[in-house]
Ligand SMILES: [Zn+2]
């Protein structure tokens, strides 16, 4: 389905839709305080969630739009929501920029042990998985505990079987174990396919112990065999049963790949007062997985960048703040690529990019990456951030999945690292709903984001340019949580 607007002049039907949406809109919420004035780390103050704009916006997106897989009807609703909310919050130059996105759909799915004793497993297809034949695949399961072991699979061992990757992930504040484990989603199926496996099950890449399966992309160019994630307790059961004897599982997936569709990056600005040609980007991604409502990933990031931008409408900065809500981060990264292409000629006027895509946790650390002297300038913000409980790290920022190409083009990156201890409990699951949001943490994160954006939007701050990656470096975007952090 085509989004309602893909250029600056809404079509008639889009105008009607927007008018309808506007008629249903609630009155604007009260504006949060603009300045961060605390002089020391204050004890936690009870927060009224209804006054936390980042929270109420995220809830609105979750409730009124819901899941929004790239190219789906929900994706088009999300574009309309973002245009409406940006205008309501007082942003200007609000428009949609067309992005062609690949389209994958989940369909019905089921998985059960058929031997030694029948029971259902909680399973969900990984994004881009091929479907099973009608009636599913029933086969014996063999377990492997690492990708190295997967690389040693032989046709004798794996041919015609279901290969089960059982690699646990540990919770950490910086979420780094995700980067260690997540290659199982793309490389694991490729290795199994090479050894002639019929299908793949992966232990969910998640840190919870609930019966929920975590989806995520296996990559469009990964294996063509059906691949599903099973919940952590189901993975542990399967492991125990396999130690006792042979286990047969039936897996049925009705996934579908459709022709490319039109989606959009949604862009809005608060124009600078003195140095408006220079641009600070605050980004998050508009699409989400389909199992929940994408409240934590990345509804929270959308709420944060919009709430921080809203404070600029009351007190604009010297430079222009540009909010970019990127399309299709989860299924392809098409939105990040399209933005860089569409804005190629003004990239030298992009002075910093901040991407929020790490959930609903408090910000505990800030990092910068720019030219020589960027860190020294950045340290000047130390006290304003310390007042919010945020430390400045001397380690370089990585940028995010959507802004990684900006960084590669030399645009300085600022990372605000959020506490991710609980993030991977619900990430990419049916439990990624508004009830998983933490309004008090979102309030703190909004303030930290505002501090960082106001710093970069001053007309006397020069963070220089990020040097090109050394020859031989992969050049791939590395977000705060690792190379595939946000996916
Ligand atoms: Zn994300």
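Numbering (our numbering), first residue to last: -9 to 477. All C-beta atoms, glycine included, are put in the ideal place defined by N, C-alpha and C.
Below 7 Å between beta carbons: does that hold for residue i and residue j?
i	j	result
residue 358	residue 404	yes
residue 208	residue 197	no
residue 187	residue 151	yes
residue 156	residue 133	yes
residue 104	residue 221	no
residue 42	residue 433	yes
residue 205	residue 279	yes
residue 380	residue 237	no
residue 239	residue 306	no
residue 345	residue 388	no
residue 275	residue 288	yes
residue 293	residue 47	yes
residue 281	residue 82	no
residue 178	residue 195	no
residue 330	residue 273	no
residue 370	residue 309	no
residue 172	residue 430	no
residue 401	residue 333	no
residue 291	residue 347	yes
residue 125	residue 245	no
residue 438	residue 382	no
residue 65	residue 373	no
residue 161	residue 285	no
residue 455	residue 394	no
residue 102	residue 243	no
Any idea what DSSP makes of residue i, helix, strand or coil?
i	result
residue 287	helix
residue 176	helix
residue 114	strand
residue 458	coil
residue -1	Low local confidence applies: a pLDDT of 38 at residue -1 is under 50, so the model's placement there is unreliable, and no value is given.
residue 160	coil
residue 451	coil
residue 348	coil
residue 128	strand
residue 134	strand
residue 411	coil
residue 235	coil
residue 42	coil
residue 210	coil
residue 27	For residue 27, the predicted model reports a pLDDT of 41, less than 50, meaning its position is unreliable; a value from the coordinates is still stated below. Of the three classes helix, strand and coil, the one that applies to residue 27 here is coil, per DSSP.
residue 423	coil
residue 342	strand
residue 301	helix
residue 48	helix
residue 319	coil
residue 295	helix
residue 37	coil
residue 55	coil
Which residue marks the beginning of the beta strand (DSSP E) containing residue i, and which one marks its end?
i	result
residue 281	It is not in any beta strand (DSSP E) - residue 281 carries neither H nor E in the DSSP assignment.
residue 243	238 to 243
residue 309	309 to 316
residue 405	403 to 408
residue 273	265 to 275
residue 189	189 to 193
residue 99	99 to 105
residue 153	152 to 155
Per DSSP, what are the beta-bridge partners of residue i in this structure?
i	result
residue 215	None; residue 215 has no bridge partner.
residue 386	358
residue 88	254
residue 201	Paired residues: none, contrary to the question.
residue 220	113, 193
residue 381	355
Where do the ends of the alpha helix (DSSP H) carrying residue i lie?
i	result
residue 253	It is not in any alpha helix (DSSP H) - residue 253 instead sits in the beta strand (DSSP E) that spans 246 to 260.
residue 75	63 to 78
residue 166	166 to 171
residue 335	Per DSSP, residue 335 belongs to no alpha helix (DSSP H) and is neither H nor E.
residue 369	364 to 369
residue 145	145 to 148
residue 430	429 to 446
residue 398	394 to 398
residue 375	372 to 376
Is the beta carbon of residue i within less than 6 Å of some heavy atom of ligand 3?
i	result
residue 288	With respect to ligand 3, the structure offers nothing, as its ligand set consists of ligand 1.
Between the region 310 to 319 and the region 82 to 101, are three or more C-beta pairs nearer than 8 Å?
Contact holds: three or more Cβ-Cβ distances are below 8 Å.
At least 3 beta-carbon pairs within less than 8 Å: the region 251 to 266 vs the region 60 to 72:
yes
Is the region 399 to 414 close to the region 435 to 452, with three or more CB pairs under 8 Å?
yes
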